[in-house]
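S.K.:
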Amino acid sequence: MNETPQDSTTGFEFEQRLLGELRLLVSDSALRRRDKKRRQARFTRRPALAILAALMLLIVIGGTVSIAAGRLPFFDSEKKTIANDLAHGRHIGPEVASAGPWKLFVTPSAHSGLIAWQLSSLEESSSGYFRASDPLAVSDVIGSGGGAIFGHVNSDLVATLRLEIGVERHVPLSASGYFMLLIEPREVSAIAQGDARLVALGEKGDVVKIFHVPKP
Amino acid sequence: MDNNSRSNEQLHRIATDPDAFESFYRSHFGRVVDFVARRCASPEDVADIVADVFVEAIRSAERFDPSRGAPFAWLLGIASNLMSSSWRAQRRRRALVVVLLGRELLANDDYTWLEDRIDAARLAPVAERALGHLSDLERSVVELVDIEGLSTVEAASTLGIRPASVRMRLTRARRRLRRDLDVAGEKTLSLALSQRGKSS
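Chains P and Y supply the protein sequences, listed in that same order. Note that my numbering has the first sequence beginning at 10, numbered continuously upward. Note that my numbering has the second sequence beginning at 10, numbered continuously upward.
Printed below as a string of structure tokens:
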């Protein structure tokens, strides 16, 4: 193959202009190649991070599921026991508070973080759960003939409770943190309108927390 | 490092190094223009195809395989493909989106210069007519081997076909050319082809 030098022609600018454009193209494509390599490098690093994140997620989910799976059978058996007691007219646990005809029985769950309660009178019975971690949990059983509010205090800061329902009433608190207070028929409408407040007081009578008694 | 190795290394760098590209471009520009001018009728077409040849070279420099031929043969292969009839339609479509159009770079002086190159590259009218009767592939084989001086192996890799196919098509093309030139009374050209056929 013979390489012959090209002719030089005066006034010929095409070669030069084309060269200028092509040099720009080469510079541009070199830049794009560098960008592409950089993107590829990032991309190749990404799967490793994704795999690591997925593994950690699996460990967390797996751990949570296994812990929950371990707790569920216990919780289920506790619920069965409570349901069985209620079905047979038995109390679910020890009596922790009483007021008038009402008696409050509770049984804390060792696995669910809940406290099952049972409110019983001679005529009727009601049941539910408090969240054991709540500093103050309140529930009520209200009818046209009156009712009761009751709950559980789980805070060392609370020394006593005061119910504000038009007038201020002292709420006796048991050593185990449970309380119950009878509601007179005239007080029912205030509770029904959400006007009743339960005020938690500290040892020096300072207000620790104000809690609106839930509407029935 | 021998000249071939240097040339191959330079070729791999033309896509990323503007200076390497300039050196490569200046080494081959003139012969690429002449090769293209032989097949094109207008300066615009020559400019477009020459521009496309180098754009394609930049795009495919990383795929260049030195075992398949020298860089110049590789460039001629790109040019042959761009000028073949099957590529013309594609080129028209590509023109809509092509990065660079050679004709946009042409000034008045360039038209004159390219017309001169086309005239200089043109074979005798009778030879042009005879070449025009060949298929695109046969014409490319004749141009690469008999005019540009590539070996049949280099022409084969340039055109992407087997060397045996190149030899077969070359023999057939020369036979047809001789017949057409004999009919036209061009005994000198016909004899030259006969001698080439015997020597290769």
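Backbone N, C-alpha and C define an ideal beta-carbon position, used for all residues, glycine too. Treat the numbers as computed from the prediction; the structure is a model and nothing was measured.
Between the beta-carbon of Pro52(Y) and the beta-carbon of Leu115(Y), is there less than 9 Å?
M.R.: yes
S.K.: So for Pro181(P), helix, strand or coil by DSSP?
M.R.: Collapsing the DSSP output to three states places Pro181(P) in coil.
S.K.: For a test of the three-state rule: what should DSSP assign to Ala125(P), helix, strand or coil?
M.R.: strand
S.K.: Quick one: give me the first and last residue of the alpha helix (DSSP H) that Phe30(Y) is part of.
M.R.: Pro27 to Ala46
S.K.: Can you pull the DSSP bridge partners for Ser134(P)?
M.R.: Ser129(P)
S.K.: Taking Phe188(P) as the reference, which of Leu172(P), Ser86(P) and Asp37(P) has the closest Cα?
M.R.: Leu172(P)
S.K.: Closest Cβ-Cβ distance between Asp191(Y) and chain P: below 9 Å?
M.R.: no
S.K.: Roughly how far, in whole angstroms, is the beta-carbon of Ala88(Y) from the beta-carbon of Val62(Y), given that I think they are within contact range, below 8 Å?
M.R.: Cβ atoms of Ala88(Y) and Val62(Y) come within 8 Å of each other, at about 5 Å.
S.K.: With DSSP collapsed to three states, give me the class of Val150(Y).
M.R.: Three-state result, Val150(Y): helix.
S.K.: Given a threshold of 16 other Cβ atoms within 10 Å of its Cβ, counted over all protein chains shown, does Ile91(P) qualify as buried or as exposed?
M.R.: Ile91(P) is buried by the Cβ-count criterion.
S.K.: Within 10 angstroms of the Cβ of Met92(Y), are there 16 or more other Cβ atoms? Answer buried if so, exposed if not.
M.R.: buried
S.K.: State yes or no: is the C-beta of Thr25(Y) within less than 9 Å of the C-beta of Ala39(P)?
M.R.: yes
S.K.: Which of helix, strand or coil does DSSP assign to Gly86(Y)?
M.R.: helix
S.K.: Pull out every residue of the stretch 17-41 of chain P whose Cβ sits closer than 7 Å to any Cβ of chain Y, in chain order.
M.R.: The residues in question are Thr18, Gly20, Phe21, Glu22, Phe23, Glu24, Arg26, Leu27, Leu28, Glu30, Leu31, Arg32, Leu34, Val35, Ser36, Ser38 and Ala39.
S.K.: Any beta carbon of chain P sitting closer than 9 Å to that of Thr161(Y)?
M.R.: no
S.K.: Scan the stretch 49-67 of chain Y for residues whose Cβ lies nearer than 8 Å to a Cβ of chain P and list them as they occur along the chain.
M.R.: Ala56, Val59, Ala60, Phe63, Val64 and Ile67
S.K.: Evaluate contact between the stretch 154-170 of chain Y and the stretch 66-86 of chain Y, counting only Cβ atoms and requiring at least three cross-stretch pairs below 8 Å.
M.R.: Touching, per the Cβ criterion.
S.K.: Could you have a look at Ile101(P) and say whether DSSP puts it in helix, strand or coil?
M.R.: coil
S.K.: How about Arg43(P) and Phe30(Y): do their beta carbons lie closer than 9 Å?
M.R.: Not closer than 9 Å, so no.
S.K.: Counting Cβ pairs, one atom from each stretch, are 3 or more of them under 8 Å apart for the stretch 138-146 of chain P and the stretch 157-171 of chain P?
M.R.: Result yes; three or more Cβ-Cβ pairs closer than 8 Å.
S.K.: How would you label Ile219(P), buried or exposed, when you count the other beta carbons within 10 angstroms and need 16 or more for buried?
M.R.: Classification for Ile219(P): exposed.
S.K.: Could you check whether the stretch 128-145 of chain P touches the stretch 106-116 of chain P, counting it as contact only if at least three pairs of C-beta atoms, one from each stretch, sit closer than 8 Å?
M.R.: yes
S.K.: Which chain P residues sit within Cβ distance under 9 Å of Ile87(Y)?
M.R.: Simply none; closest approach about 14 Å.
S.K.: Starting from Ala146(P), follow the beta strand (DSSP E) in both directions and report where the run begins and ends.
M.R.: Leu145 to Gly152
S.K.: Under a three-way DSSP split, which group does His21(Y) fall into?
M.R.: helix
S.K.: Assuming the contact rule is C-beta atoms closer than 8 Å, Glu174(P) and Ala201(P) should be a hit. Round their C-beta distance to whole Å, please.
M.R.: Per the sequence presented here, residue 174(P) reads as Ile, with Glu not at that position. Contact doesn't hold; Cβ gap of about 11 Å is too wide.
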